[in-house]
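Chains A and B supply the protein sequences, listed in that same order. With the first letter of the first sequence counted as 1, position 79 gets the number 417 in my numbering; the numbers rise by one all the way through. With the first letter of the second sequence counted as 1, position 113 gets the number 451 in my numbering; the numbers rise by one all the way through. Worksheet: the structure to be examined is printed underneath.
There are 2 protein chains.
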Amino acid sequence: MGAKNAAVGRPYHHGDLRRALLAAAVEAIEESGPAALSLRDLARRAGVSHAAPTHHFGDKAGLLAALAAEGFNLFADELNRIRERTGSLVEIGVGYIRFAVEHRAHFEVMFRPDLHAPDHAELTAARERAGETLRAGLATLPDAPTGADARFAGLSAWSIVHGFATLYLNGALPPEVDADLDGTSRAVIGRLFAPR
Amino acid sequence: MGAKNAAVGRPYHHGDLRRALLAAAVEAIEESGPAALSLRDLARRAGVSHAAPTHHFGDKAGLLAALAAEGFNLFADELNRIRERTGSLVEIGVGYIRFAVEHRAHFEVMFRPDLHAPDHAELTAARERAGETLRAGLATLPDAPTGADARFAGLSAWSIVHGFATLYLNGALPPEVDADLDGTSRAVIGRLFAPR
DNA sequence: GGGAAATCTTGTCACCGACAAGATGGCAGC
DNA sequence: GCTGCCATCTTGTCGGTGACAAGATTTCCC
Chain A
339 MGAKNAAVGR PYHHGDLRRA LLAAAVEAIE ESGPAALSLR DLARRAGVSH
389 AAPTHHFGDK AGLLAALAAE GFNLFADELN RIRERTGSLV EIGVGYIRFA
439 VEHRAHFEVM FRPDLHAPDH AELTAARERA GETLRAGLAT LPDAPTGADA
489 RFAGLSAWSI VHGFATLYLN GALPPEVDAD LDGTSRAVIG RLFAPR
Chain B
339 MGAKNAAVGR PYHHGDLRRA LLAAAVEAIE ESGPAALSLR DLARRAGVSH
389 AAPTHHFGDK AGLLAALAAE GFNLFADELN RIRERTGSLV EIGVGYIRFA
439 VEHRAHFEVM FRPDLHAPDH AELTAARERA GETLRAGLAT LPDAPTGADA
489 RFAGLSAWSI VHGFATLYLN GALPPEVDAD LDGTSRAVIG RLFAPR
């Protein structure tokens, strides 16, 4: 029978601690960035003891890798949705940037391998899935290039959206950008594909 | 008279501790990234007590802000040199990426405001100087755009080089890129300005 | 040459991540 | 329906870290 503890109403087993910890991590990172993240703080937010997270993630790098994996999966879902709906590489790019802003905590962890547990299977799979999504997006180009050109086209498209998103998140871009993020994204990406 | 301490030869005053700590920080960050940086480790590397760094930088955020400022100054110097020598925006972009790789430790700290002491005067000035350099680089374009077009041109150029550099540093780019980083950079940047 | 100020040290505190050992309770198999 | 296994969670502990305080040493400047 549960809840014999001093803390009223809280059963010994949390129920879904793993999910609660990941949600708490998103919250904490949105508040103060991934550098300031503390496992003990997450445990407090979830109402469990300071050592509870260990069982689910091993260590801090394990938790961040799991969070990154969740991020890559959300990311692939979102971009696939946009691709099926619009079939436009520019719109996928706009979605890339919007994802970074709307899922800031996930995004800030996804591309920081120094924070991840090495050889994290779930993360590797999720990252691969997201990569596949981007490659499929490139194929939507009407005059899809081939050979070396295709490599450079892919790299430049990825670079421009990733750079814009990163600079925006770091607060490096001028404030006017905030007023119309999608519009600015479209204009910036458009310059890469403009026929001129 | 100096060197009465147990540690032979080491005077009480270091001489140039500030510079030594910044150099140690570069070394430490190159080894294990900015997240793993520890002030006490830097103090050990410099051969001083664990509290010595406080006087020069206030706290950890102060040290990282100083390192970022140093980075922005090196960065502006390097890009100005390239601009004067080549007058080419593409080459400035290649230099941007090469700087990120060759001064990885500095670069990884420069665009991470969450790590910086807020309102750090030296950093603000250095960042402004670097921004000025980039703007001057844009003006080298033969058909330099004006008005809103100029804003988007600047944003897209900055985004593409910054994104490429960031992805490369994070190990997200395929290994072939390593073989010819400058060539790949040029090809990627070239797609943005290609007349097509 | 003497005192003020800069520089560095020692000592301490709260917090953190990791680990170990034990408590709790769900659950499968009988 | 009971029993034992095992996932889950707690408590306790250790070394390391950042920040601060107070004191020691040295330089600098008048």
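In this text, a Cβ means the ideal position worked out from N, Cα and C, and glycines have one as well. Note that the coordinates shown come from a computational prediction; the quantities given were computed from them, not determined experimentally.
| message | When you compare the CB positions of B:Gly475 and B:Leu427, do they come within less than 7 Å of one another, or not? | response | yes
| With a CB to CB cut of under 6 Å and the five nearest residues on each side skipped, what residues in its chain are close to B:Tyr434? | Val499
| said: For B:Leu535 and B:Ala503, what's the separation of their Cα atoms in angstroms? | reply: Residue coverage of chain B in this structure runs from 339 to 534, which leaves residue 535 of chain B outside it and unanswerable.
| field | Close beta carbons around B:Leu377, own chain, < 6 Å, minus the five adjacent residues each side | value | Pro391 and Lys398
| Sub-7 Å separation of A:Phe306 and A:Ala468 beta-carbons | As shown, chain A starts at 339 and ends at 534. That puts residue 306 of chain A outside it, with no answer to give.
| request: Answer with yes or no whether the minimum CB distance from B:Asp452 to chain A is below 7 Å. | output: yes
| query | Among the residues of its own chain, which have a CB less than 6 Å from the CB of A:Ala443, if the five just before and after it don't count? | reply | Val364, Ile367 and Glu368
| Using a Cβ-Cβ cut-off of 8 Å (strictly less than) and excluding sequence neighbours within five positions of B:Gly509, which residues of its own chain qualify? | none
| said: Strictly below 9 Å CB to CB, what residues from chain A border B:His500? | reply: Ser497, His500, Gly501, Phe502, Thr504, Leu505 and Ala510
| said: If distances are taken between C-alpha atoms only, which option among A:His458, A:Ala532, A:Ser494 and A:Leu519 comes closest to A:Ala404? | reply: A:His458
| message | Alpha carbons only, please: which of A:Arg383, A:Arg436 and A:Val447 is nearest the one belonging to A:Ala290? | response | A question about residue 290 of chain A goes unanswered here, because the residues of chain A that appear run from 339 up to 534.
| request: Just the C-alpha distance for A:Gly521 and B:Gly400, rounded to the nearest angstrom, thanks. | output: 37 Å
| said: Classify B:Glu514: buried if its beta carbon has 16 or more other beta carbons within 10 angstroms, exposed otherwise. | reply: exposed
| Delimiting residues of the alpha helix (DSSP H) encompassing B:Asn418 | Lys398 to Thr424
| How would you write the range of the alpha helix (DSSP H) that A:Arg450 sits in, first residue to last? | Element bounds for A:Arg450: n/a, residue is neither H nor E.
| query | Can you find a heavy atom of the ligand ZN that lies under 6 Å from the Cβ of B:Glu408? | reply | Absence of the ligand ZN from the depicted structure is noted, as is the absence of any ligand whatsoever, leaving it without description.
| Nearest to A:Arg421 (by Cα), restricted to the options A:Leu355, A:His388 and A:Glu470 | A:Glu470
| task | Say whether chain A places a C-beta atom closer than 7 Å to the C-beta of B:Arg442. | result | no
| Under 7 Å, do A:Leu402 and A:Val432 count as touching if we go by C-beta distance? | no
| said: Just checking: is the beta-carbon of A:Phe395 within a distance shorter than 7 Å of some beta-carbon in chain B? | reply: no
| task | With DSSP collapsed to three states, give me the class of B:His393. | result | helix
| request: Would you identify the three-state DSSP class for B:Gly347, choosing helix, strand or coil? | output: Caution is warranted here: a pLDDT of 44 is assigned to B:Gly347, below 50, making its placement in the model unreliable, and the coordinate value is therefore given only provisionally. The answer is coil: DSSP assigns B:Gly347 none of H, G, I, E or B.
| For B:Glu429 and B:Val439, the rounded distance between their alpha carbons | 15 Å
| request: Anything in chain A within Cβ reach of B:Arg529, meaning under 7 Å, just list it in chain order. | output: Phe490, Ala491, Ser494 and Leu530
| field | Residue from B:Glu416, B:Leu453 and B:Arg356 whose Cα sits closest to the Cα of B:His441 | value | B:Glu416
| message | Quick check: what's the CA-CA separation for B:Ser494 versus B:Ala464? | response | 22 Å
| request: Using beta-carbon positions only, say whether B:Ala406 and B:Leu472 come within less than 7 Å of one another. | output: no
| query | Do you know how far the Cα of B:His352 is from the Cα of A:Ser497? | reply | 44 Å
| field | Closer than 8 Å at the beta carbon, the chain A residues around B:Ala366 | value | Within 8 Å Cβ-Cβ: nothing; B:Ala366 doesn't reach chain A, min ~13 Å.
| request: Under the assumption that B:Ala477 contacts B:Pro483 (Cβ atoms under 8 Å), give the Cβ distance between them as a whole number of angstroms. | output: Actually they do not touch by this definition, with Cβ atoms about 11 Å apart.
| message | Between which residues of its own chain and A:Leu355 is the CB-CB distance below 7 Å, once the five residues before and five after are set aside? | response | Ala384, Val386, Ala390 and His394
| message | So, for B:Leu412: in the same chain, excluding its five sequence neighbours on each side, which residues have a beta-carbon less than 7 Å away from its beta-carbon? | response | His441 and His444
| query | What is the rounded straight-line gap between the Cα of A:Leu519 and the Cα of A:Arg423? | reply | 20 Å
| With 16 as the cutoff for other CB atoms within 10 Å, does A:Glu466 come out buried or exposed? | exposed
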